[in-house]
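Heads up: the structure comes next, in structure tokens.
Number of protein chains: 2
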Amino acid sequence: MVQAQTAAAGVVEHLRGRILSGSLQPGMSLPPERELASQLEVSRATLREGLSTLSQMGLLSIQPGRSGGAVVTTPPLTTVSASIALLFQTRAIRAGQLSEFRRALEVEAAQLAADRRTNRDLEEIAAALHAYASADDDARAQNVHGWAFHHAVARASGNPLLAETMSSLNDAFAECFEMLHATADPARQILALHRPILDAICDQDAAAARQAMLLHFDQLQAVLQSRGLTERPIGMQATTAPASPEVAGPVRRATAPLAGRG
Amino acid sequence: MVQAQTAAAGVVEHLRGRILSGSLQPGMSLPPERELASQLEVSRATLREGLSTLSQMGLLSIQPGRSGGAVVTTPPLTTVSASIALLFQTRAIRAGQLSEFRRALEVEAAQLAADRRTNRDLEEIAAALHAYASADDDARAQNVHGWAFHHAVARASGNPLLAETMSSLNDAFAECFEMLHATADPARQILALHRPILDAICDQDAAAARQAMLLHFDQLQAVLQSRGLTERPIGMQATTAPASPEVAGPVRRATAPLAGRG
DNA sequence: GACAATCGATTGGTCAGACCAAACGCCAGG
DNA sequence: CCTGGCGTTTGGTCTGACCAATCGATTGTC
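Chains A and B, in that order, are what the protein sequence lines are.
Per my numbering, residue 1 is the first one in the first sequence, and the count goes up by one each step.
Per my numbering, residue 263 is the first one in the second sequence, and the count goes up by one each step.
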């Protein structure tokens, strides 16, 4: 049995294993740090390093003062979007690559949606389309509803992997996608591209749905290419402007809510 | 200006800001922990918790014994795929859904690979295929080389998002995939499915590559369905077996080479 | 008896100082 | 020049302690 390189990594491995295996289920509480450290035969500092990592992965929720210890949670979708966002902040991912990735997921989703859509799915897709059409002048609302359309289609695929991955991408690149969509086509053209998708899914015509979604993305990529945006690196600017000096000062607050009446 | 809730989070925020803003660039070394802790006016334990988080995000590479401190790095693509994989592991995903997800990615990848493959890509794909063919009796080797084939195709797509996501899925569900492939077809049949993919990519015939890969997955899914494996959950399967003891044993290696003594 | 204020216990967050093991760098010796 | 050892540097871990926030029970009042 291969053990972790460090004790802290061992803690992560061990607890993650127990969570993923179902031995520790979401909602359950871990023992307090002192007790858990004793159980795992590591110091509390080492344990905390591991817990911190697990918390950052979204597997644990740690709150001070709680009676129990850390609470096992299900990682939120934001963990994926956060890592994607970080990735794009730190390296040059091109708009074309992102578009290709979306195409892979969404074309497949549309095809599956045609086969499996429930009436409720259909209603949601149609509602998004209508909302889009109704938001004549409001570019912002159009964007929201345009996205709702894609999400509804993805959900209708009945495959949460596809739907959630796409959702994560959206969260991560809301602004970027906004740019893509906004520059892609005028609203009428997007409507003309979305409507056939809805129709095909409504008719349960998988091939047509696939083709319609494919057309949508081909159109998008064509526009990107014509404007030379394919190679444009997308990166979100740093979320917080640091403006810090080269050598850091103190990291904590000046007037601490934590540094109370000690 | 909102500051971090905890000092450790403050460390993360501060250093991440400096990295994303370019003040700290990949390849540069941070000061040693003791010194950096002093600069940021936090204890070394707190600093370490922050560094650990940054390391887990892929922004830092920490190695013991180095002369300098932690090295600033560019997050690898695997961070994204790892979080996606974790997402899937913590939700009940069915084998059929996973197969669909793979199909979405790999069919697209095959299509792109046909357009973009370099000669080197081609060599790698061919090598994997030949290795598979040569591993007549060794099911284990066949599995490895079968995967290498798919990976090579994905890499040839020229889209790291597709390739890496697929890679990480493999890492996350190695056992499951093994099951899928192993039960899918006899080796000869897999060869018969892989070879047309290589041929199409070699000929730069995107449509044929897409079709060949699609056929491969349709075949796989047909087999899954025929054996009733489509609905088989993967990931957090053990929802009803809390048999393992609540209290855990030690986490570290048995031969504790690091056994500290205070 | 019900409700609110209070006090103590529990728990996470942080700190300080110490030791160990591995890697690095220097220098003597071949 | 290369190579081997040896001290230094650095990360990894431990112990024990203190603070602040929260929870829960106790207490006091209406």
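Note that beta-carbon positions come from the ideal geometry of N, C-alpha and C, so glycine has one too.
- Taking C-beta atoms under 8 Å as the contact rule, residue 430 of chain B and residue 80 of chain A fail to qualify, at a distance of about 11 Å.
- The way I'd put it, the segment 460-468 of chain B doesn't touch the segment 400-408 of chain B; fewer than three beta-carbon pairs between them come closer than 8 Å.
- Distance from the CA atom of residue 360 of chain B to the CA atom of residue 348 of chain B, rounded to whole angstroms, is 13 Å.
- In the DSSP assignment, residue 405 of chain B falls within the unbroken alpha helix (DSSP H) covering 401-418.
- With three or more CB-CB distances shorter than 8 Å, the segment 49-58 of chain A counts as touching the segment 1-17 of chain A.
- In this structure residue 157 of chain A is buried. Its beta-carbon is surrounded by 16 or more other beta-carbon atoms within 10 angstroms.
- Ranked by Cα distance from residue 336 of chain B, the first of B/299, B/303, B/304 and B/291 is B/291.
- Here residue 306 of chain B has 295, 296 and 299 as same chain residues with Cβ atoms under 8 Å from its own Cβ, once five neighbours each way along the sequence are excluded.
- Take the alpha-carbon of residue 21 of chain A and the one of residue 426 of chain B: they are about 25 Å apart.
- Runs of alpha helix (DSSP H) with 4 or more residues, each lying fully within the segment 98-129 of chain A, are absent.
- Listed along the chain, the chain A residues whose CB falls inside 9 Å of the CB of residue 363 of chain B are 105, 108, 159, 161, 162 and 165.
- Under the Cβ distance rule, residue 479 of chain B does not count among the residues neighbouring chain A, no pair being separated by less than 8 Å.
- Below the 8 Å Cβ cutoff, chain A contributes 80, 83, 84 and 87 as neighbours of residue 342 of chain B, in chain order.
- Here residue 323 of chain B is bridged, per DSSP, to B/333.
- Residue 291 of chain B is bridged by DSSP to B/333.
- A Cβ-Cβ contact shorter than 8 Å links residue 149 of chain A with residue 128 of chain A.
- In summary, the residues of the segment 304-315 of chain B whose CB is separated from some CB of chain A by less than 8 Å are 304, 307, 310, 311, 314 and 315, in the order they occur in the chain.
- In this structure residue 107 of chain A is in contact with residue 217 of chain A, their Cβ atoms being roughly 7 Å apart against a cut-off of 8 Å.
- Residues of chain B whose Cβ lies closer than 8 Å to the Cβ of residue 75 of chain A are, in chain order, 345, 348, 349 and 352.
- In this structure, the alpha-carbon of residue 39 of chain A lies about 26 Å from that of residue 317 of chain B.
- Residue contact with chain A for residue 483 of chain B: absent (no Cβ-Cβ distance below 8 Å to any residue of chain A).
- The beta-carbon of residue 211 of chain A is placed no less than 8 Å from the nearest beta-carbon of chain B.
- DSSP lists no beta-bridge partner residue for residue 18 of chain A.
- Counting the other Cβ atoms within 10 Å of the Cβ of residue 357 of chain B gives 16 or more, which makes it buried.
- Close to residue 374 of chain B, with beta-carbon spacing below 8 Å, are these residues of chain A in chain order: 100.
- DSSP places residue 353 of chain B in the coil class of the three-state scheme, outside both helix and strand.
- Scanning chain A for C-beta atoms nearer than 8 Å to the C-beta of residue 355 of chain B yields 160 and 161, reported in chain order.
- Taking CB atoms only, residue 229 of chain A has no neighbour in chain B less than 8 Å away.
- Taking C-beta separations shorter than 7 Å and ignoring five residues to either side along the sequence, the partners of residue 281 of chain B in its chain run 321 and 334, following chain order.
- In this structure, the beta-carbon distance from residue 454 of chain B to residue 376 of chain B does not fall below 8 Å.
- Apart from the 5 residues on each side of it in sequence, residue 340 of chain B sits with its Cβ closer than 7 Å to the Cβ of 426 and 430 in its chain, given in chain order.
- Residue environment for residue 64 of chain A: exposed (fewer than 16 other C-beta atoms within 10 angstroms of its C-beta).
- Separation of the CB atoms of residue 112 of chain A and residue 159 of chain A is rounded to 6 Å, and the pair is thereby assigned contact status at 8 Å.
- In this structure residue 392 of chain B is exposed. Its beta-carbon is surrounded by fewer than 16 other beta-carbon atoms within 10 angstroms.
- Chain-order list of chain A residues neighbouring residue 319 of chain B: 56, 83 and 86, by C-beta distance under 8 Å.
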